[in-house]
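Okay, structure first, notes after.
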Amino acid sequence: MTREHTCRNQLGFTLIEMMVAVAIFVIICGAIFGLLGFTQKRYQTETQVLGAFQEARLGLDQIVRDVNDAGYPPLNHFTTAPAANLYANGPIAPSPAACLIGTAGGGTCTTPSDFDVIFEGDVDGTGVKWTRYQLQGTTLLRGVVNKVAGGDPVAATNAAGVMLPYVQNVMNNAPAAQIAQFQAIYPNMFPIGPVPIFQYSCDISAGTALCQNAGANNSPANVRDVEVTLIVMTPQRDAETKQLRLVELNGRGHRINPNK
Amino acid sequence: MKRIHTTRGRKSEAGIALLVAIFTLLLISVAAISLVVGSGTESSLAGNYRTSASAYYAAAAGLEEGRGRLMSQNPNYFNNFVAPQGGVLPLTQVRYVLNGLQGEVVAPANLSSTTTYPDVQYGSAFGVPITGRTVQTTTSIFSGGAVPGPAYKWVRISAATEQSINTDVNNDNALDNATPLFYDGSNLNLTSNGMQALEITSLASLPDGSQKILQYVVAPATPITIDAAIHTKTGAVLGDALNVTGYVDPVCSRPDTYGVKAGAAISVPGSGNVTGSPGDIQPNAPFPYNLPALISSLQGSTTKIDVPGTGVTPVSGSTPVTYSGPHATLGVAPTVTYGGSGAITAVTAPGTPAMYISPGDLTLGVPTIGGAAPSGQGVLIVQGNLTIDISNGFNYFGLILVTGNLFMTANPNTTATSNIHGAIIGSGSFTSNLTNLGGSIFVHQNACMVNSAFSGLPLSILSFREIRQ
Chain A
1 MTREHTCRNQ
11 LGFTLIEMMV
21 AVAIFVIICG
31 AIFGLLGFTQ
41 KRYQTETQVL
51 GAFQEARLGL
61 DQIVRDVNDA
71 GYPPLNHFTT
81 APAANLYANG
91 PIAPSPAACL
101 IGTAGGGTCT
111 TPSDFDVIFE
121 GDVDGTGVKW
131 TRYQLQGTTL
141 LRGVVNKVAG
151 GDPVAATNAA
161 GVMLPYVQNV
171 MNNAPAAQIA
181 QFQAIYPNMF
191 PIGPVPIFQY
201 SCDISAGTAL
211 CQNAGANNSP
221 ANVRDVEVTL
231 IVMTPQRDAE
241 TKQLRLVELN
251 GRGHRINPNK
Chain B
1001 MKRIHTTRGR
1011 KSEAGIALLV
1021 AIFTLLLISV
1031 AAISLVVGSG
1041 TESSLAGNYR
1051 TSASAYYAAA
1061 AGLEEGRGRL
1071 MSQNPNYFNN
1081 FVAPQGGVLP
1091 LTQVRYVLNG
1101 LQGEVVAPAN
1111 LSSTTTYPDV
1121 QYGSAFGVPI
1131 TGRTVQTTTS
1141 IFSGGAVPGP
1151 AYKWVRISAA
1161 TEQSINTDVN
1171 NDNALDNATP
1181 LFYDGSNLNL
1191 TSNGMQALEI
1201 TSLASLPDGS
1211 QKILQYVVAP
1221 ATPITIDAAI
1231 HTKTGAVLGD
1241 ALNVTGYVDP
1251 VCSRPDTYGV
1261 KAGAAISVPG
1271 SGNVTGSPGD
1281 IQPNAPFPYN
1291 LPALISSLQG
1301 STTKIDVPGT
1311 GVTPVSGSTP
1321 VTYSGPHATL
1331 GVAPTVTYGG
1341 SGAITAVTAP
1351 GTPAMYISPG
1361 DLTLGVPTIG
1371 GAAPSGQGVL
1381 IVQGNLTIDI
1391 SNGFNYFGLI
1401 LVTGNLFMTA
1411 NPNTTATSNI
1421 HGAIIGSGSF
1431 TSNLTNLGGS
1441 IFVHQNACMV
1451 NSAFSGLPLS
1461 ILSFREIRQ
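Okay, structure coming up:
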């Protein structure tokens, strides 16, 4: 009696049962692994996007802080003017010395321009510095040198070893063919072509205006705000869609120190 | 036998499903945790950026509260909390605006506590710990509000020195730590020229411990350097009823000046009394003021003199329009105590300065004895000639700017005493050829009253910087 009971309990599955069970198992596993694979690709892509975003954000934050702190100490802090390297002539060091700010190739300033700017000031109590940001290709460079009395800030920062890579894959001034590709994917990001990294607002009697529209007030000494736009591309294409992924960040630096 | 063996084998495999399930769960958990940790890292990076920016703007809010409340038109004006009216905040005095959360103790002068936001930066900037200074505190406008305000903890207001701003202002290759800096409208100086420059420093601290310290150096937007009680571009005639002194009122800790400076001859007929230091008078003196530019810079803050309440009206039929105010009130005069020589020894009520501009000639007072004396405090700008009849007295505290000539007239029978404390600056001449008056006219140099008259103007930001900790 006991043996019969044991035999009944140990009856196996039929082939059909096994096939159905295995089929369900395979379907479920397939779905799970498919989802896992998709998730993995998304994770890889989003990690890259986040990395690009983070790099751009840190770069942007530093630029904005450099704008805010530029121009210290101003000339008004001295009863008699000291050597020119001991005070900030203004928040922005222009080259050539007297020039007009333009955009898209306009203006007469080498710097400040759409992709090149040099800030002047003592940000850490160690003397007045020139801090330059310049886009070369798709790399935004940053360099800091001591201000040289009577010197040209562009020449000083062009010295070997000064300018170092700061933010990679900056696409604001990418080649025309690449921008055309971007425009197909992100039509709003590149409305008319290259996007200036730096746009300058100058003080005018009624407030501020873009420096290129500021008429007689168009001067690096009158720059009040610097609008910063960074468009950064991820190192690899989207693993799922195979499309280029871009991140755009905007910031605004506000110059507080006077320009004298 | 075989069946029994099989039965035993199955019995030994009975928990395998549980093990497989646990193992699977473990794998899934590891994957999930790694995802959570990954996203957590991103969150903290984003958080660091956010708190850094938040602390920056919170500290900036503190700076703006400090700057705003230094202006007399601010409803939360500091008034005498920072310095005696129009006076100087000594180097040994430090003021704090505290902005702790409800129940939170903020004690910047307590260097022994690390939890009450001690101000160690003061010691490193000035070379003297904050405990070596006399500290006064007040609360922020956000303190005690239903909604928490910006997360700054304190705002420090102090005198500025070469050492504290780490700048060799006078280019002598030394950083002075004992002389407050002044601002003359163009540059800082160590010679009390113009108005005092103040340092406003703000500490913001967020709950996660991130901190920022930002600093302004500020000064009145349109300072003016007083170098005499009366300074005219052309000549001056000072009758014997007039007592003019460049010795500053005792209530004001500003330098003494000449009594009268003029671009031409200065005549002191009769027993006119003019004193000052380094000299009583200086004829043929250069005129350092650009009155049109100064008036233009003040234009936005001035009120036309014939607004209701001043008692000044246009004189009908006059061309160009002239104005008259028999018993004018041009701002609320302070309540003061006079010493024996007519000098102010105490200010018991500060009054309210105001800026008025007369677009044409102005006459204040009347020769008929009786009625209130014209009075006021602030800045009185006359674009033309100013005639003051002191028959009923005249009491003004602040700065009188005249683009034309200034005349003083009186009914010879008057016994009233007139008091002008501040300075008179004119592009023309000053004539007060009054003799044998029963009353007296005192004109005392008081740069504090002039400073106070400008206190309604926003303070200029001379510099801004973030102090790295």
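Just so you know, the sequences run in chain order A and B.
All residue numbers for the first sequence refer to the working numbering, where the first residue is 1 and numbers rise by one.
All residue numbers for the second sequence refer to the working numbering, where the first residue is 1001 and numbers rise by one.
For every residue, glycine included, the Cβ atom is placed at its ideal position computed from N, Cα and C.
Being a predicted model, the structure only gives us computed values, none of them experimental.
Item: For Thr1234 of chain B, the nearest candidate out of B:Ala1285, B:Ala1241 and B:Ile1224 (CA to CA); Value: B:Ala1285
Item: Contact under 8 Å by Cβ, Gly1404 of chain B with Val1450 of chain B; Value: no
Item: When A:Ala216, A:Thr45 and A:Pro73 are compared against Ser205 of chain A, the one with the closest alpha-carbon; Value: A:Ala216
Item: For Ser1418 of chain B: DSSP bridge partner residues; Value: B:Ile1441
Item: Sequence-distant residues of the same chain with beta carbon closer than 8 Å to Ala1055 of chain B, five excluded per side; Value: Ala1151, Ala1204, Ser1205, Leu1206, Ser1210, Gln1211 and Lys1212
Item: Sequence-distant residues of the same chain with beta carbon closer than 6 Å to Ala1083 of chain B, five excluded per side; Value: Leu1089
Item: Contact with chain A by Ile1388 of chain B, beta-carbon distance below 8 Å; Value: no
Item: The segment 59-70 of chain A in contact with the segment 1165-1179 of chain B per 3-pair CB rule at 8 Å; Value: no
Item: Residue environment, Ser1124 of chain B, which counts as buried when at least 16 other CB atoms sit within 10 Å; Value: exposed
Item: Secondary structure of Lys1002 of chain B, DSSP reduced to three states; Value: Low confidence applies here, because Lys1002 of chain B scores a pLDDT of 47, under 50, leaving its location unreliable and the question unanswered by this model.
Item: Beta-carbon spacing of Gln1163 of chain B, Phe1182 of chain B below 8 Å; Value: no
Item: Buried versus exposed call for Ala177 of chain A [16 or more other C-beta atoms within 10 Å across all chains shown]; Value: exposed
Item: Cross-chain neighbours of Pro196 of chain A in chain B, by beta carbon under 9 Å; Value: What Pro196 of chain A touches in chain B: nothing, since even the nearest Cβ is about 23 Å away.
Item: Under the three-state DSSP convention, the category Tyr1396 of chain B falls into; Value: strand
Item: Asn1290 of chain B versus Ser1297 of chain B: straight-line alpha-carbon distance, rounded; Value: 11 Å
Item: Own chain, CB closer than 8 Å to Met18 of chain A, minus 5 neighbours either side, in chain order; Value: none
Item: Spatial distance of Met156 of chain A from Val145 of chain A (CA atoms); Value: Residue identity check: residue 156 of chain A is Ala in the sequence provided, not Met. Roughly 7 Å between the two C-alpha positions.
Item: Outcome for Lys1002 of chain B when other beta-carbon atoms lying within 10 angstroms are tallied against a minimum of 16; Value: Per-residue confidence for Lys1002 of chain B stands at a pLDDT of 47, beneath the threshold of 50, marking its modelled position as unreliable; the derived number appears in the next sentence. That one is exposed.
Item: Closer than 7 Å: Ala1197 of chain B CB and nearest the ligand ATP heavy atom; Value: The ligand ATP is not among the ligands present in this structure, which contains no ligands whatsoever.
Item: Spatially closest choice to Lys41 of chain A from A:Asp238, A:Arg255 and A:Asn259, by CA coordinates; Value: A:Asp238
Item: Closer than 9 Å at the beta carbon, the chain A residues around Arg1468 of chain B; Value: Val123, Asp124 and Gly125
Item: Cα-Cα separation between Gly121 of chain A and Ala93 of chain A, rounded to whole angstroms; Value: 9 Å
Item: Ser1186 of chain B, DSSP secondary structure in three states; Value: coil
Item: Chain A within 8 Å of Lys1002 of chain B, Cβ atoms only; Value: Because Lys1002 of chain B sits at a pLDDT of 47, beneath the cut-off of 50, its placement in the model cannot be relied upon, and the following sentence gives the value as read from the coordinates. It does not; no Cβ of chain A falls within 8 Å.
Item: Within-8 Å CB hit, Phe13 of chain A to chain B; Value: no
Item: Pairwise C-alpha distance: Ala1262 of chain B and Asp1240 of chain B; Value: 18 Å
Item: Per-residue DSSP class, three states only, for Gln168 of chain A; Value: coil
Item: Segment limits, beta strand (DSSP E) that includes Pro1353 of chain B; Value: Pro1353 of chain B -> no beta strand (DSSP E), and no H or E assigned at all.
Item: Delimiting residues of the beta strand (DSSP E) encompassing Glu227 of chain A; Value: Val223 to Met233
Item: Thr1424 of chain B, buried or exposed, once every other Cβ within 10 Å from all chains shown has been counted against 16; Value: Here residue 1424 of chain B is Ile; the residue named in the question, Thr, does not match the sequence. Buried is the call here.
Item: Unbroken beta strand (DSSP E) run spanning Cys202 of chain A, endpoints; Value: Phe198 to Ile204
Item: Residues near Gly1456 of chain B by beta carbon distance below 6 Å, same chain, minus five either side; Value: Ser1072 and Gln1073
Item: Euclidean distance between Cα positions of Ser1427 of chain B and Gly107 of chain A; Value: 44 Å
Item: Local conformation of Met1408 of chain B per DSSP, three classes; Value: strand
Item: Terminal residues of the beta strand (DSSP E) in which Thr1138 of chain B lies; Value: Thr1134 to Thr1139
Item: Closest by C-alpha distance to Pro191 of chain A, when choosing among A:Leu249, A:Gln199 and A:Ala180; Value: A:Ala180
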